[in-house]
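First up is the structure itself, then whatever we jot down about it.
Number of protein chains: 2
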Amino acid sequence: MTMPPESASTITTATVVFQPDGQTISVPTGTRLSRASADANVHIDAPCGDRGICGKCRVHIVGKVSPLSPAESRYLSRQQIAEGWRLSCQTIILGDCTVTVPRTSLQIAVDGAGREIAVKPSVRKIHLEIPPADIVDATSAFSRLKTALQTPNLRAGRAALRSLAFALKSVDGVTAVLAGDELIAVEQGDTTAEQFGLAFDIGTTTVVGALVDLRDGREVAVAASLNEQSRFGADVISRIKLANEDPTGLDRLNERIVAVLNSLITRMVEQADARRDRIYEVTLVGNTCMHHLALGVHPGSLGEAPYVAVVQDAISLPAGEVGLDVLKSARVYFVPIIAGHVGADTVGVILSTGIHHSDDIRLAVDIGTNGESVLGSSTRMVACSTAAGPAFEGTSILHGMRASDGAIQEVRIDDDVTLNVIGGSFPTGICGTGLIDAVAELRLAGLIDENGRLCSREDAPEGTPPALRHRLIQDHGTRAFRLSPQGSMLVTLTQKDIRELQLAKAAIFAGIQILMRELGVTEADLAEIDLAGAFGSYIRPDSARTIGLIPNVPLDRVRSVGNAARVGARLALISSEARAEAEHIARTVEHQELFAREEFMEAFSNAMLFPELPLPDADQLG
Amino acid sequence: MTMPPESASTITTATVVFQPDGQTISVPTGTRLSRASADANVHIDAPCGDRGICGKCRVHIVGKVSPLSPAESRYLSRQQIAEGWRLSCQTIILGDCTVTVPRTSLQIAVDGAGREIAVKPSVRKIHLEIPPADIVDATSAFSRLKTALQTPNLRAGRAALRSLAFALKSVDGVTAVLAGDELIAVEQGDTTAEQFGLAFDIGTTTVVGALVDLRDGREVAVAASLNEQSRFGADVISRIKLANEDPTGLDRLNERIVAVLNSLITRMVEQADARRDRIYEVTLVGNTCMHHLALGVHPGSLGEAPYVAVVQDAISLPAGEVGLDVLKSARVYFVPIIAGHVGADTVGVILSTGIHHSDDIRLAVDIGTNGESVLGSSTRMVACSTAAGPAFEGTSILHGMRASDGAIQEVRIDDDVTLNVIGGSFPTGICGTGLIDAVAELRLAGLIDENGRLCSREDAPEGTPPALRHRLIQDHGTRAFRLSPQGSMLVTLTQKDIRELQLAKAAIFAGIQILMRELGVTEADLAEIDLAGAFGSYIRPDSARTIGLIPNVPLDRVRSVGNAARVGARLALISSEARAEAEHIARTVEHQELFAREEFMEAFSNAMLFPELPLPDADQLG
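Chains A and B, in that order, are what the protein sequence lines are. Taking my numbering, I'd label the letters of the first sequence as residues 604 to 1225. Taking my numbering, I'd label the letters of the second sequence as residues 604 to 1225.
Printed below as a string of structure tokens:
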């Protein structure tokens, strides 16, 4: 049997240029324009999923394309057609052409690393007419809606079907709200302009939420609150203990966190003057314990070796089941977790900082109540969690306090001490960033040695400025350094405080070292270090480096990325692609369990020391 | 290129005989035994879905099969193996063999027509061990459960994940409850012996429920109750009116029916001494209005032309969403409906009577508050609904009453009247079946003519026995026939009552005629008429034929099938195959809309007459 030789002449290609940004792609003729634009990374808004029933994907075309489709005649005015406007989902490319995409048809937001991301939430709103029933087509309203939406597999729960029955009375068409093949709601009239979502970061101490306009990914309101579970104990362990010991503990913890989320929702919808029943989607990140408690799942297994989660997959539930005061059928998406002690917040950090897309090796350190580190690139990522202890929170520090009015948040030492106090008045205590600064500056001033020993006034090195020497005092029977000015309330850094900081930073640094060893990389290989978290992102990079909290890299490679976990939650909210990435991250990041690992204990002991000074010039390393 | 000729000698087949019933099948060698048994219609219980993880599908084999698998070594004792026992899901047929299936591995129930049906509910329970987590496998409990169940796509909601966390403490393994790929619950220990479901028929007037053991399809408790929505009006129209006019009407109607279902559940679990959290599945049938109200969906569109439903597809919801007091994550399955006025109850009737499997043309008539008729065979089915009016319920009849104590339910007339009164005492009124009997017997006695005119004592035909003649009286100013004996409370059948019955039976008969015309069949083609429904199945077939309620067929072709709708609900509960059939029925039965159809009005007028007597001998027809 003879086959005709494959002939190059039978395949013709066309070049498509997308304006205003000039992306250019070569595609076989016969390709649908919507497909070509997606391949060219030009994200044209198409809520109906290229079915030709929303009329949103208008573009201006000069070039050889297929004739006008009936859908286009319906959605474009005569003048628009005359001017060369088309619907991208209806147009087939027949030859070279130039396509101009108006700003209104483009949906772009920016991720935590400044990377552009297409706004494509999993929820879509489509305004349409449900054809009326008559004797000839006496099928149900839901069947007619399925036909109109061209979604034969459309599913619907009770709330959506209820809303459908009510919307049938509308004289102005209806707006269908879809999440994939699921009908979330049917609203009367055209409500496509109101489309909101919520992104939450549930921390052990603080809960932060953002109300997001799903059309453009913009945050229209932000609110934060203490996690009211704190009244049952400051840390994760105390909450697990309550759930273990009190039969009502789990439900109380769950109700508490749901109440906090609901109070934040109330504040945000008031701020933005939005309707809560126009909130269709919620994403949640948090450490594994907060994740389980928000879900209402017993966290007991997280409290004992081998510290495993009950569930780590992504979970999507109706808001009514979770108890959130938004549209009952809204989808609540629990971002997946990586391991028992590396939660959805870390997935959010990775998503937001884009380590999973990076060609170079990067390190992200998220320091809050716990410290999670992630190291790697698009090829391979490893992560670990370390109990930083309470030092950074101020609770084990003699004059420690939270980062609120009166807290020393920054310390500079030369001939004397310069403080930056929150609120600008006299200090009443010191918070975590101030603590790190104080130790780093005293170390640079030669008043703390490599082992962490604070000099007494007597054994301070020669040349110590008198003002500093004068600050070396005794406080509560231990050596201390007075930070506060004379005449104000006494705030010191004590020898014991320094020991506490050493424990905290040693745990984090030892974890990082295990990760670096696992990947076989050195400090010189680190293209970037991202400091994340409510606390982590406020740390002065030079101080962090001086005390040996992070590896010694040039300062321009250290970046504060803010609450990257929350940014990750927002990305998972506005982009189904980002959500798919989150699920991939959770499955592929390799968790390094540190507990009972000898190698870690050794690294930890070594990391208790402060780095020798001066630090080697990082640029000369490697 | 030369292909080897297809050689018959390369395909070997084996004959497998299944005992004790002797089914025999020929299959290619290499076929899995579980597959061969399914093809031979031998339903071997295999809750784990042939994954080799439940050990239930034990059979005894003599013949040539594959060697023992590791799963079999795990689930069969040494003695069982020595005796020749195997797991059917693990065994490959290599030659002729005889397979004996023990009763305990067979799951068979009977449908409404006595047809055998495999008990295969969509819910499965599997007792297993979740391998403990350790440092090497520190994946989540849910991941380990998925692996143990060999169901990588397992999904779970909040309640199931909660139960999983609690069950982790079990020392005796856990029992996973699955519906397809969805995890419903995880229970501590081995609870496979407790596996219940509920089947409900929600009538406009009466609600009936059955608690079913899902292992064998047996009803372990049955309970009935008035539909408490009745306080808002006896018929569907009055309920739609309430929902239309009162903003709280829909919710009140929904709450009422959910409360009725819950009170029936309470009675049934008490009767059977079962736990309500071991109820995993619920099926519901009902007319379209009851369906919508139980779902909480506004029935407004059913109340005005063209009388369409909001939704007609099958719907599956968690019990928590529907409000039923069973396991919250139990699945509630709303059997699909056919059209606005032909509901899920009719689907249940078809499923139960098996018309959809019939080679011959059959007619089913379900008479309750409304009358639905279905005509056809496996090839094609048509259905219609007719408003029978309130006559059969007794409300428009002078001495009419429900079928309760004191109601005349049967009437025989020869020289005088013989009554069958519910409760056995003197009559206080007449119910629907008594009404039909009375008219039929008076017609046979010559006291009612073809037009429905009741004789007066004066114009009664000659030869009328004196006792009967004496009963022709006046009641409330109209001609009447005294049914009750002298000296007891007066119960009559009046001329007006006869007119009411004529209207009711004419509507039903005219509907049947439209269906027969649509299929082009005559009375002689009707292989069977099934009388169904709370009321319909109590009608005496000869009386129904005499008054022309049903076509004139030999009496041995008329069958009372009881509450066939409820039997259908039970079948959809115990068999996923039956459920698939229900969905096919709902999609394919052709609804004949009768309203505003001239042909129907004409048929209706004609049907107002009573058939001429004597009826032609049906056996000689055609």
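Just so it is clear, CB atoms sit at the ideal spot from N, CA and C, and this is done for glycine as well. All values reported here derive from a predicted model rather than from experimental measurement.
Going by DSSP, which residues form a beta bridge with residue i?
i	result
residue 785/B	758/B, 782/B
residue 1042/A	Beta-bridge pairing links residue 1042/A to no other residue.
residue 984/A	979/A
residue 723/A	1178/A
residue 886/A	802/A, 936/A
residue 692/B	None; residue 692/B has no bridge partner.
residue 1032/B	1010/B
Check this for me: beta carbons of residue i and residue j, under 8 angstroms apart or not?
i	j	result
residue 914/B	residue 900/B	yes
residue 906/A	residue 847/A	yes
residue 1037/B	residue 1013/B	yes
residue 817/A	residue 885/A	no
residue 991/A	residue 1101/A	no
residue 1151/B	residue 1206/B	no
residue 1164/B	residue 1146/B	no
residue 661/B	residue 623/B	no
residue 972/A	residue 1004/A	no
residue 933/A	residue 922/A	yes
Could you check what DSSP says for residue i in three-state terms: helix, strand or coil?
i	result
residue 1209/B	helix
residue 925/A	helix
residue 844/A	helix
residue 1174/B	helix
residue 1056/B	coil
residue 732/B	coil
residue 657/A	coil
residue 871/B	helix
residue 814/A	strand
residue 569/B	Look at the range of chain B in this structure, 604 to 1225, and you will see that residue 569/B is not part of it.
residue 897/A	helix
residue 892/A	helix
residue 910/B	coil
residue 973/A	coil
residue 919/B	strand
residue 623/B	coil
residue 1023/A	strand
residue 663/A	strand
residue 1112/B	helix
residue 959/B	helix
Along chain A, in chain order, which residues have C-beta atoms closer than 9 angstroms to that of residue i?
i	result
residue 768/B	853, 895, 900, 901, 902, 903, 904, 913, 914
residue 745/B	912, 913, 914, 915, 916
residue 942/B	741, 742, 743
At 7 angstroms on the CB atoms, spell out the chain A contacts of residue i, in chain order.
i	result
residue 738/B	909, 1196
Taking C-beta pairs closer than 7 angstroms, name the residues in chain B that residue i reaches, listed in chain order.
i	result
residue 764/A	898, 900, 913, 914
residue 771/A	904
residue 1239/A	There is simply no residue 1239/A to check, as chain A begins at 604 and stops at 1225 in what is shown.
So with CB distances below 8 angstroms, who are the chain B contacts of residue i?
i	result
residue 920/A	760, 761
residue 686/A	Result: empty, since nearest Cβ-Cβ is about 42 angstroms, beyond 8 angstroms.
Please report the Cβ distance between residue i and residue j, rounded to the nearest whole angstrom; I am assuming they are in contact, meaning their Cβ atoms lie under 8 angstroms.
i	j	result
residue 786/B	residue 779/B	6 angstroms
residue 830/B	residue 851/B	The pair is not a contact, with the Cβ atoms about 19 angstroms apart (cut-off 8 angstroms).
residue 805/A	residue 968/A	The pair is not a contact, with the Cβ atoms about 20 angstroms apart (cut-off 8 angstroms).
residue 633/A	residue 695/A	6 angstroms
residue 1174/A	residue 868/A	About 20 angstroms separates the two Cβ atoms, so there is no contact after all.
residue 1105/A	residue 1055/A	5 angstroms
residue 668/A	residue 692/A	Contact doesn't hold; Cβ gap of about 12 angstroms is too wide.
Give the residues of chain B in contact with residue i, contact being defined as C-beta atoms less than 9 angstroms apart.
i	result
residue 676/A	The premise fails here: residue 676/A is roughly 30 angstroms from chain B at the closest Cβ pair, so nothing lies under 9 angstroms.
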